[in-house]
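If you read the sequences in order, they're chains A and B.
With the first sequence counted from 1, adding 926 to any position gets you this note's numbering.
With the second sequence counted from 1, adding 257 to any position gets you this note's numbering.
We put the CB at the ideal spot given by N, CA and C, even for glycine.
Below is one structure; the comments refer to it alone.
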Amino acid sequence: MNVLLIEINPFAPASPPISLGYIASFLKSKGFTVKILTLGEDTSVSRAGLHQLVSSFQPALVGLTAYQRTMLYVIGLARFIKSVNTNIKIAIGGPQATFMPSVAFAELPEIDYISRSSGEVTLLGIARAIENGTPFSDLSGVTYKNASGAVYETADLEGFADLDSYPSPYLDDVFDYSCMSEAIMLTSRGCPHHCIYCYTPHAFKHKVSFHSVDRVIEEIRWIRKKGVRRLWFADPNISFKPARLIGLLDRILTKGLETEMWLQTRADLVNPEVMKKMKRAGVSTIAFGLESASERVLTKLGKHISVQTVAKAISLAQSEDIEVELFTIFGLPYETFEDALKTLEFVKKNNVKIMGNTNSQQMQIYFGTHMARKYEKYNIRPLNTNRPVYLSIGCQYETDHMAYSDIQKIQALWRAHSRDRGRRIVS
Amino acid sequence: MALRPQATEGSGRENRFARNNTMVKPGLQKIYVILGKQDEGQLERLCRTLSSLFSYVNLTSNLYLVTGNLPEGMPWVERIQKDVSAFLRGNLFARLYVHFVHRVPQAVTEEIDFYFQYYYQSLKRATREFDQEGYMHQEVPRLMLLPVIVPDNEVEPASLMGLLDMLKSAFLLPSLYLDMGTFFLAQDEDLLARTEKVYYGHGNSGEPAEIVCNLYHQDIVHDSSAKLESDAVFMTDPCPPALIVSARDGMVYPCIDAFLKKESLANIYENLSVDDIMARYYEHGNSQRDCLGCREGVVESFSDLPLPKAATHEVGGLLYHFGTLNQEAENHVRAIENYKKSLRLSPIEEAASICFRLGLSHTRTGHHDQALEAFNRAAPTYHDQDYFHFHTGLCYFERGDYRMALERFSRAVRLKPQQEDLVRILIYMGTCHNSLGEYEEALVELERAKETAGPVKEIFNTLGFSYFQLKDYDKAIENLTRAVEIDPYSAIDYASLGSSYREKGNIKMAIAMYEKALTLDPNMISARENLERLKGQP
């Protein structure tokens, strides 16, 4: 049986979708034929090309990654695929799907399944049910519709705690290396923290799971052999276990696998020893989450980090000649216009270039976050109450402390200070 | 939050992953349409063609509608916009930017309100459903109307600003097209700050065909920059998939090169389906057009335009790259032209590397004075590079200034070049000393080369020459014999052996060597004369 996995994001350049890579590798290991299609702003493909691809590959199941800002495009693709062949089943997964309310099905007639748990295991269940014609009620981690449109939610499902149980999309050559200049690595998943605006801790139930260092090293060696010379680590906190990170960096150094790397971590999880090793191993850029330079605002976010800690981490990285990126957010609860200005000033004062990921963005209230559930408690006022059910509040809100016009002013200020007109690749 | 590192539109980097991951024929990124006069039949046919072509455009694509003047083009634009809307309504995954390119005479900018209400308001109204859809989905609309204003040369910047402000306030983000008649407007920073983009072009006719040419050319420059930044190897690729459709005569062209050469794919006013046109288009994509040559020509044509600093530097960088390509292809005359223009357009920090390359090409064309002048300009940056002193020395060498050449070669040696380079430099030094009659000094350099390199023919024959001049014929014979062992087809070395044997008094061997030299090169006059002289002796 053929499975087509698609990620569409017309607002960013196409890049290898690591999550779909894992699912593809897992399904392949279970006997399915899988193809991945990534549609970015620079992907050269037309409606006719898509038709040709779907008609010739004849997938029985199509999996679409859903994000808040790509939902319209996901629906469009689903509609198009059904127009090619109504028998093709369509599942959506990813950040927008995990906590999307089931009533959204009413506005998503082309979608057959919402995958809410570990993508690999959930999609395998769906694929097997389609292949064997077994009842959907046997599935886990899924919301589905029956023929008459009634919606059913199945029991939750846990993914593997040991990430090595998932086959490697790199070692299985799921991606075409000839067109890959950079590989995205995911050596750990999840986050134990409680930042009120973040989706990740809730999606992973505040747990963190890991690949072994052996597996990561094996992947790096293979990727390098294939000619890829830049690694981008998507782990939310790669230094969550400092000893593991040091072990990984040591192995990179002793095996001669030094490679240009980008990674992100918490500012309170770095120290001079780690930073020195990172530099030697090839880390060219490190990203920290500052969010706000107002201590008062920061304490409300549940991040449990101080502005001073972030400043120290920046200085540490810069002393090793590692480029720093800072994630910042405006429009936060309790944040005033002056607080937001303070964040901009902090970034400038600490000599972090305002471009790429350092371009600040407005807080997005996504499904599954603490903020989405309790927005009223934080005096957040949604601006559009008629939005589609499959979308969360997102950026359409104002707060007691900042009117929407203030939020726009701050956005314009950041853009004015930006070296690249505020272009940022959003998650 | 997991965010991708920046690889932004602003940086213009070409994305290799995006190029290849779909495994299907590429979609058209741009369609340029030259709108016609008011002819219902033509309009109908054009709209039918475009509606079918939309299936072949990229998921995010651009449609340029170019008209001579607004009243003439308006019915066309309104009708095409309806078809665009219908396509987007049926394909929620697609986005289209419609660039409406038209002239704006001074008279118009004096009556902005009327102009805006009469023309743009209705266009904007038609996009409202997409604005609403974008708002509901918290994203930019899938249909964007982006006017490109072509001002006439009498336009007042202040009144033009009024129009741009009005368009911007209605979220019709305006761009400006400047040609030879309106470049003066580029001096007005306030005006430029109100634009999304500024297009620059040759000519000043304001004719749609000329405008299309210039828009396309500017896209080629940007595409070339993106390719250069990503991986220069892509520079030989065709430019991004695009079509030019002229509603005036119905001709469809697969690229700007074909448009300028009037090599059309099809005529939309004849009974040919869009599928057939596109089949021809993809066939054309596989044909052997000189895309690299076209790129170079286009970039070069921008070198004479009064572009803003950033764009000037962009063109300068590209010309430098084309210079290196021409240099590698041994086309030094073209390379020199590229480098000279690049030098004029690039930032001062780039001057040294351009000058160094320029010096190399001047050396290869025998213009040694110009080469030395270029090398001198590169010297502050390259003074600690052995290869710089070697090439400067080589230039003096070829000019016959052996003393200066020796001085430069010595500097190169002091900078500890790699072994292979060191040997090459030492041989040149030996040759310089020989040319200056300093045979003992030549021996020092050449013996050092021999120690470093092992069997290299040039070392032995130069040593042979030095020893011959010092009348040490045994040593000369020893080294020249080694030279012919390494290269048994070297006529000159056999001839030198002949001379060495002759001086030693071994006439029999001398004759044998001259005869061998003449067998390998029957035209070697000196060998023939020496042979005849020896045979003529009693």
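Legend entry - N-terminal and C-terminal residue of the alpha helix (DSSP H) that Glu297 (chain B) is part of: In the second sequence, counting from the first residue as 1, residue 297 (chain B) sits at position 40. Its alpha helix (DSSP H) spans residues Glu297 to Leu310.
Inset, instruction - Enumerate, from N- to C-terminal direction, the unbroken beta strand (DSSP E) stretches of 3 or more residues contained entirely within the stretch 1193–1228 of chain A. - result: 1209–1217
Inset, instruction - Please state whether DSSP places Leu522 (chain B) in a helix, a strand or coil. - result: Locating residue 522 (chain B) in the second sequence gives position 265, counting from the first residue. Three-state DSSP puts Leu522 (chain B) in coil, outside helix and strand.
Inset, instruction - Pick helix, strand or coil for Val1315 (chain A), following the three-state DSSP scheme. - result: Looking up residue 1315 (chain A) in the first sequence gives position 389. Of the three classes helix, strand and coil, the one that applies to Val1315 (chain A) here is coil, per DSSP.
Inset, instruction - Quick one: residues in its chain with C-beta nearer than 7 Å to the C-beta of Asp388 (chain B), no 5 flanking neighbours on either side, listed in chain order? - result: In the second sequence, counting from the first residue as 1, residue 388 (chain B) sits at position 131. The answer, listed in chain order, is Pro398.
Inset, instruction - Taking only the alpha-carbon atoms, compute the straight-line gap between Asn691 (chain B) and Glu760 (chain B) and give it to the nearest angstrom. - result: Position 434 of the second sequence, counted from the start, is the residue given in the question as residue 691 (chain B). Position 503 of the second sequence, counted from the start, is the residue given in the question as residue 760 (chain B). Cα to Cα, Asn691 (chain B) sits roughly 19 Å from Glu760 (chain B).
Inset, instruction - Classify Thr959 (chain A) as helix, strand or coil using the three-state DSSP reduction. - result: Locating residue 959 (chain A) in the first sequence gives position 33, where the first residue counts as 1. If DSSP states are grouped into helix, strand and coil, Thr959 (chain A) belongs with the strands.
Inset, instruction - Tell me whether the beta-carbon of Leu754 (chain B) lies closer than 7 Å to the beta-carbon of Asn736 (chain B). - result: As a working note, residue 754 (chain B) is residue 497 in the second sequence. As a working note, residue 736 (chain B) is residue 479 in the second sequence. Not closer than 7 Å, so no.
Inset, instruction - Please classify Glu411 (chain B): does DSSP put it in a helix, a strand, or coil? - result: Counting from one through the second sequence, the residue named residue 411 (chain B) turns up at place 154. Glu411 (chain B): coil per DSSP, three-state reduction.
Legend entry - Cα-Cα separation between Trp333 (chain B) and Glu301 (chain B), rounded to whole angstroms: Translated into the one-based positions of the second sequence, residue 333 (chain B) becomes position 76. Translated into the one-based positions of the second sequence, residue 301 (chain B) becomes position 44. Whole-angstrom Cα-Cα distance: 9 Å.
Inset, instruction - Confirm, please, whether the CB-CB distance from Ile1037 (chain A) to Ile1056 (chain A) is below 7 Å. - result: Indexing the first sequence from 1 puts residue 1056 (chain A) at position 130. Indexing the first sequence from 1 puts residue 1037 (chain A) at position 111. Taking 7 Å as the Cβ cut-off, Ile1056 (chain A) and Ile1037 (chain A) do not qualify as a contacting pair.
Legend entry - Residue-chain proximity (Leu433 (chain B), chain A), Cβ-Cβ < 7 Å: The residue you call residue 433 (chain B) lines up with position 176 of the second sequence. No, Leu433 (chain B) lies away from the interface with chain A (no Cβ there is under 7 Å from its Cβ).
Inset, instruction - Just the chain A side, please: which residues come within less than 8 Å of Asn315 (chain B) by C-beta, in chain order? - result: Numbered from 1 along the second sequence, position 58 holds the residue referred to as residue 315 (chain B). In chain order: Thr969, Ser970, Val971 and Ser972.
Legend entry - Alpha-carbon spacing of Asn588 (chain B) relative to Lys597 (chain B), whole angstroms: As a first step, residue 588 (chain B) must be located in the second sequence, where it is residue number 331. As a first step, residue 597 (chain B) must be located in the second sequence, where it is residue number 340. Cα to Cα, the separation comes out at about 15 Å.
Inset, instruction - Name, please, each residue of chain A whose Cβ falls closer than 8 Å to the Cβ of Ala499 (chain B). - result: For the purposes of this step, residue 499 (chain B) is taken as residue 242 along the second sequence, with counting starting at 1. By Cβ distance, chain A contributes nothing, its closest Cβ being about 11 Å from Ala499 (chain B), past 8 Å.
Inset, instruction - Return the first residue and the last residue of the alpha helix (DSSP H) that Leu500 (chain B) is part of. - result: Position 243 of the second sequence holds residue 500 (chain B). First-last for Leu500 (chain B): Ala499 to Ser503, but that is the beta strand (DSSP E), not the alpha helix (DSSP H).
Legend entry - Contacts of Gly1002 (chain A) in chain B (Cβ-Cβ under 7 Å): Against the first sequence, residue 1002 (chain A) aligns to sequence position 76. Those are Asn348, Leu349 and Phe350, listed as they occur along chain B.
Inset, instruction - Measure the alpha-carbon distance for Tyr1304 (chain A) versus His977 (chain A) and round it to whole angstroms. - result: One-based indexing of the first sequence puts residue 1304 (chain A) at position 378. One-based indexing of the first sequence puts residue 977 (chain A) at position 51. Each residue's alpha carbon lies about 47 Å from the other.
Inset, instruction - Give the secondary structure of Tyr434 (chain B) by DSSP, where H, G and I count as helix, E and B as strand, and everything else as coil. - result: For the purposes of this step, residue 434 (chain B) is taken as residue 177 along the second sequence, with counting starting at 1. Strand.
Legend entry - Option nearest Glu933 (chain A) by Cα separation, candidates A:Phe958, A:Ala950 and A:Leu965: As a position in the first sequence, residue 933 (chain A) is number 7, starting the count at 1. Nearest of A:Phe958, A:Ala950 and A:Leu965 to Glu933 (chain A), Cα basis: A:Leu965.
Legend entry - Close Cβ partners of Val1139 (chain A) (< 7 Å) along its chain, the five nearest in sequence each way excluded: Numbered from its first residue, the first sequence carries residue 1139 (chain A) at position 213. Answer for Val1139 (chain A): Arg1170, Gly1173, Leu1174 and Arg1177, listed in chain order.
Inset, instruction - Measure from the alpha carbon of Leu953 (chain A) to the alpha carbon of each residue in A:Phe1130, A:Arg973, A:Ser1091 and A:Ser982, then state which is nearest. - result: Within the first sequence, residue 953 (chain A) is the residue found at index 27, counting from 1. With distances taken between CA atoms, Leu953 (chain A) lies nearest to A:Ser1091 out of A:Phe1130, A:Arg973, A:Ser1091 and A:Ser982.
Inset, instruction - Measure the alpha-carbon distance for Glu630 (chain B) versus Val341 (chain B) and round it to whole angstroms. - result: By one-based count along the second sequence, residue 630 (chain B) stands at place 373. By one-based count along the second sequence, residue 341 (chain B) stands at place 84. Cα-Cα distance, rounded: 58 Å.
Inset, instruction - Report the residues of the stretch 294–324 of chain B with a CB closer than 7 Å to any CB of chain A, ordered along the chain. - result: Ser312, Tyr313, Val314, Asn315, Leu316 and Thr317
Inset, instruction - Name, please, each residue of chain B whose Cβ falls closer than 7 Å to the Cβ of Pro1314 (chain A). - result: The residue given as residue 1314 (chain A) occupies position 388 in the first sequence. Near Pro1314 (chain A) (Cβ distances below 7 Å), the residues of chain B are Met393.
Legend entry - Delimiting residues of the beta strand (DSSP E) encompassing Gln1337 (chain A): By one-based count along the first sequence, residue 1337 (chain A) stands at place 411. Unbroken run through Gln1337 (chain A) is the alpha helix (DSSP H), Tyr1330 to His1343; no beta strand (DSSP E).
Inset, instruction - Note down the Cα distance separating Leu1309 (chain A) from Arg552 (chain B), rounded to an integer number of angstroms. - result: Position 383 of the first sequence, counting from 1, holds the residue named residue 1309 (chain A). Position 295 of the second sequence, counting from 1, holds the residue named residue 552 (chain B). So the two alpha carbons sit approximately 49 Å from each other.
Inset, instruction - Determine the direct distance from the alpha carbon of Tyr289 (chain B) to that of Tyr510 (chain B), and round the result to whole angstroms. - result: Taking the second sequence and counting its residues from 1, the one referred to as residue 510 (chain B) is at position 253. Taking the second sequence and counting its residues from 1, the one referred to as residue 289 (chain B) is at position 32. Each residue's Cα considered, the two are about 10 Å apart.
Legend entry - DSSP state of Ala567 (chain B) mapped onto helix, strand, coil: Along the second sequence, one-based indexing puts residue 567 (chain B) at 310. Ala567 (chain B): helix per DSSP, three-state reduction.
Legend entry - Rounded distance between the beta-carbons of Leu424 (chain B) and Pro404 (chain B), thought under 8 Å: For the purposes of this step, residue 404 (chain B) is taken as the residue at position 147 of the second sequence. For the purposes of this step, residue 424 (chain B) is taken as the residue at position 167 of the second sequence. About 6 Å; that satisfies the 8 Å criterion.
Legend entry - Extent of the continuous alpha helix (DSSP H) run through Asn1058 (chain A): In the first sequence, residue 1058 (chain A) corresponds to position 132, counting from 1. From DSSP, the alpha helix (DSSP H) with Asn1058 (chain A) extends over Gly1045 to Asn1058.
Legend entry - Any chain A beta carbon closer than 7 Å to Gly460 (chain B): Residue 460 (chain B) sits at position 203 when you count from the first residue of the second sequence. Taking Cβ atoms only, chain A never reaches closer than 7 Å to Gly460 (chain B), which makes this a no.
Legend entry - Selected residue, minimal CA-CA separation from Met1106 (chain A), among A:Gln1334, A:Arg1150, A:Gly975 and A:Ile1018: One-based indexing of the first sequence puts residue 1106 (chain A) at position 180. Among A:Gln1334, A:Arg1150, A:Gly975 and A:Ile1018, the Cα nearest to that of Met1106 (chain A) belongs to A:Arg1150.
Legend entry - Coil, strand or helix - Arg1005 (chain A) by DSSP: Locating residue 1005 (chain A) in the first sequence gives position 79, where the first residue counts as 1. In the structure shown, Arg1005 (chain A) sits in a helix (DSSP, three-state: H, G or I).
Legend entry - Burial state of Phe613 (chain B) (16 or more Cβ within 10 Å): Against the second sequence, residue 613 (chain B) aligns to sequence position 356. Buried, because 16 or more other Cβ atoms sit within 10 Å of the Cβ of Phe613 (chain B).
Legend entry - Any C-beta of chain A under 7 Å from that of Glu396 (chain B): Locating residue 396 (chain B) in the second sequence gives position 139, where the first residue counts as 1. By this cut-off, Glu396 (chain B) is an interface position.
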